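Trainee: Numbering (this note's numbering), first residue to last: 5 to 382.
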Amino acid sequence: MINRERVINEFKRLASFDSESFKEIEISKYVANTLKELGLEIEIDNAGDLIAKEQSFSFPHSKGNIYAYLKGTGQDFVLFSSHLDTVSPGINKKVIIEDDIIKSDGTTVLGADDISGLVSIIEALRIIKENNLKHKDIELLIPIAEEPYCQGTKYFDFNKIKSNKAYVLDLDGPVGNAAIGAPSIISFTIEIFGLSAHAGFHPEDGINAITILGNALAKIRVGRLNDKTLLNFGKVYGGLQRNSVPDYVNIIGEVRSLDKNEAIAILNNVRDIFNSEAKRLGGRISLEYDIKIEAYKVSDNSIVVRDYQRVLNKLGYAEPKLITTFGGSDNNNLNKNGIEGIVISSGMNQCHTVNEYTSISELIKSCEIVLELMLDTN
Ligand SMILES: [Zn+2]
Numbered sequence: 005m006i007n008r009e010r011v012i013n014e015f016k017r018l019a020s021f022d023s024e025s026f027k028e029i030e031i032s033k034y035v036a037n038t039l040k041e042l043g044l045e046i047e048i049d050n051a052g053d054l055i056a057k058e059q060s061f062s063f064p065h066s067k068g069n070i071y072a073y074l075k076g077t078g079q080d081f082v083l084f085s086s087h088l089d090t091v092s093p094g095i096n097k098k099v100i101i102e103d104d105i106i107k108s109d110g111t112t113v114l115g116a117d118d119i120s121g122l123v124s125i126i127e128a129l130r131i132i133k134e135n136n137l138k139h140k141d142i143e144l145l146i147p148i149a150e151e152p153y154c155q156g157t158k159y160f161d162f163n164k165i166k167s168n169k170a171y172v173l174d175l176d177g178p179v180g181n182a183a184i185g186a187p188s189i190i191s192f193t194i195e196i197f198g199l200s201a202h203a204g205f206h207p208e209d210g211i212n213a214i215t216i217l218g219n220a221l222a223k224i225r226v227g228r229l230n231d232k233t234l235l236n237f238g239k240v241y242g243g244l245q246r247n248s249v250p251d252y253v254n255i256i257g258e259v260r261s262l263d264k265n266e267a268i269a270i271l272n273n274v275r276d277i278f279n280s281e282a283k284r285l286g287g288r289i290s291l292e293y294d295i296k297i298e299a300y301k302v303s304d305n306s307i308v309v310r311d312y313q314r315v316l317n318k319l320g321y322a323e324p325k326l327i328t329t330f331g332g333s334d335n336n337n338l339n340k341n342g343i344e345g346i347v348i349s350s351g352m353n354q355c356h357t358v359n360e361y362t363s364i365s366e367l368i369k370s371c372e373i374v375l376e377l378m379l380d381t382n
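#1: For I307, is the classification buried or exposed, using 16 other Cβ atoms within 10 angstroms of its Cβ as the cut-off for buried?
#2: Whole angstroms are fine: how far does the CA of G287 sit from the CA of V274?
#3: Below 8 Å, can you find three or more Cβ-Cβ pairs linking the stretch 213-228 to the stretch 361-370?
#4: Does the stretch 49-61 come close enough to the stretch 112-131 that 3 or more CB-CB pairs lie under 8 Å?
#5: Counting by C-beta, which residues lie closer than 6 Å to a heavy atom of ligand 1, in chain order?
#6: Assuming K296 is part of the beta strand (DSSP E), what are its boundary residues?
#7: Evaluate contact between the stretch 120-131 and the stretch 157-169, counting only Cβ atoms and requiring at least three cross-stretch pairs below 8 Å.
#8: Alpha carbon to alpha carbon, how far is L88 from L244? Give it in angstroms, no decimals.
#9: Could you give the first and the last residue of the continuous alpha helix (DSSP H) run that contains A203?
#10: Is D109 helix, strand or coil when you go by DSSP?
#11: Per DSSP, which residues does L398 bridge with? Please list them.
#12: Provide the residue span of the alpha helix (DSSP H) that contains R8, from first to last.
#13: Between the C-alpha atoms of I346 and Y300, what's the straight-line distance to the nearest angstrom?
#14: What first and last residue would you give for the alpha helix (DSSP H) that runs through Y312?
#15: Note down, in chain order, each residue of its chain lying with its Cβ closer than 8 Å to the Cβ of A322, except the 5 sequence neighbours on either side.
#16: Kindly indicate the opening and closing residues of the beta strand (DSSP E) around I256.
#17: Find out if the Cβ-Cβ distance for the pair I189, I297 is shorter than 9 Å.
#18: Compute the Euclidean distance between the alpha carbons of I196 and I289, then round it to the nearest angstrom.
#19: Roughly how many angstroms lie between the CA atoms of K325 and M352, to the nearest whole one?
#20: How far does the beta strand (DSSP E) with T362 in it reach, from first residue to last?
#21: Drop a sphere of 10 angstroms on the beta-carbon of L319, count the other beta-carbons inside from all chains shown, and report buried for 16 or more, exposed for fewer.
#22: Less than 9 Å separating the beta-carbons of N236 and G210?
#23: Hey, R260 and F330 are a contact pair by Cβ (cut 8 Å); roughly how many whole angstroms apart?
#24: Should L367 and V11 be called a contact, given that it needs their Cβ atoms to be closer than 9 Å?
#25: Check for me: the alpha helix (DSSP H) holding G52 runs from which residue to which?
#26: Does the stretch 15-22 come within contact of the stretch 70-84, defined as at least 3 CB pairs closer than 8 Å?
#27: Using the C-alpha atoms, what's the distance from H202 back to T387?
#28: Express the C-alpha separation of T112 and K40 in angstroms, rounding to a whole number.
#29: Would you decide whether G342 is buried or exposed? Buried here means 16 or more other CB atoms lie within 10 Å of its CB.
#30: Quick one: what's got a C-beta closer than 7 Å to E281's C-beta in the same chain, skipping five residues either side?
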């Protein structure tokens with residue numbers, strides 16, 4: 005039933021919008037109109053304004069999260085979600101099709117993250133309308149600003165949602181994979197304050213912030229700490245010049261853990277070590293952190309997983325591969341708000357790189373799965 009040409013054209017159309025995070029206004033209008041034409045009720049919130057206010061930046065190119073609803077023919081509600089934004093470089097994307105493969109020209113991302121999800125949802129709805137198929141009560145949450153730590157859905161009013169199960173189309177890898185668990189992500193910034201002095205005349209008067217940093221880092225293990233927790237220091241800057249004792253260094257990093265308490269314990273340990281190393285040399289530190297998203301774990305026996313398995317079986321595909329991911333998604337915010345959601349692959353590979361690609365066959369498979377999940381089988 006899936007219309008191959010229409011799927012390809014829709015993918016190209018969506019990729020033609022420059023839709024990096026906070027620049028989603030044009031793609032948002034297009035998606036909202038398309039859904040309206042398909043008979044869905046549309047609401048757009050003011051998440052864009054709220055983010056702009058919180059972060060005090062001007063925000064002319066984003067409005068809000070799209071919520072859409074299509075009344076069903078049964079009693080069953082289901083939510084689908086796919087975000088509007090892409091990472092950068094995502095301006096002036098060129099879509100190149102070689103046989104089954106769809107890729108960019110190598111100067112930008114392709115945007116299959118998350119256009120593949122949007123295409124799947126739109127095509128499934130078109131098929132339902134064309135064929136007048138019986139379907140569930142369908143809710144859509146199409147957020148802005150997913151890439152920068154799911155900021156769009158942070159401001160979404162989840163009281164609107166009637167579904168208690170959700171499919172978030174936002175997973176890298178073969179269609180058929182589904183993530184049923186994801187981590188808490190805590191970002192942090194550590195500032196180290198020392199004391200400057202001339203490195204030749206009065207080095208004894210200085211407190212070297214870079215030395216404090218080095219001593220602290222030497223005592224901290226980074227990378228994969230165990231099977232559920234990771235720690236990374238990602239960027240450092242500071243210092244003055246070659247012949248001055250540096251009085252300031254700033255380092256940023258993040259902790260990811262499937263166990264929120266363990267993430268906080270790791271962060272506290274980092275703070276303690278930096279504190280004691282600073283004190284030892286007469287300096288001081290400050291540490292600020294932000295819990296970006298919170299961990300969830302959905303049972304592999306839950307209705308949302310079992311329905312997914314049923315659909316893959318029915319379509320003759322292999323059993324879904326249920327995984328735990330170390331990436332966050334809007335599904336973290338859904339689960340935090342009491343909606344049992346899983347993240348499913350919709351046909352994206354090597355996302356967040358200029359080598360990102362999808363394939364026509366995977367997109368069609370994803371459309372089929374979404375369609376089947378929408379249908380009323382009772
Ligand atoms: Zn994504």
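Idealized CB from N, CA, C, for every residue including glycine.
Since we're looking at a predicted model, the values are computed, not measured.
Mentor: According to the data block:
#1: exposed
#2: 16 Å
#3: no
#4: no
#5: H87, D117, D118, E150, D174
#6: 288-297
#7: no
#8: 42 Å
#9: No alpha helix (DSSP H) holds A203; DSSP gives it neither H nor E.
#10: coil
#11: Residue 398 cannot be examined here, being either before or after the span of the chain that is shown, 5 to 382.
#12: 8-19
#13: 10 Å
#14: 307-318
#15: G180, L316
#16: 252-261
#17: yes
#18: 4 Å
#19: 16 Å
#20: 361-363
#21: exposed
#22: no
#23: 6 Å
#24: yes
#25: 51-58
#26: no
#27: Residue 387 lies beyond the residue range present for the chain, which begins at 5 and ends at 382; the question has no answer from this structure.
#28: 30 Å
#29: exposed
#30: I216, N219, A220
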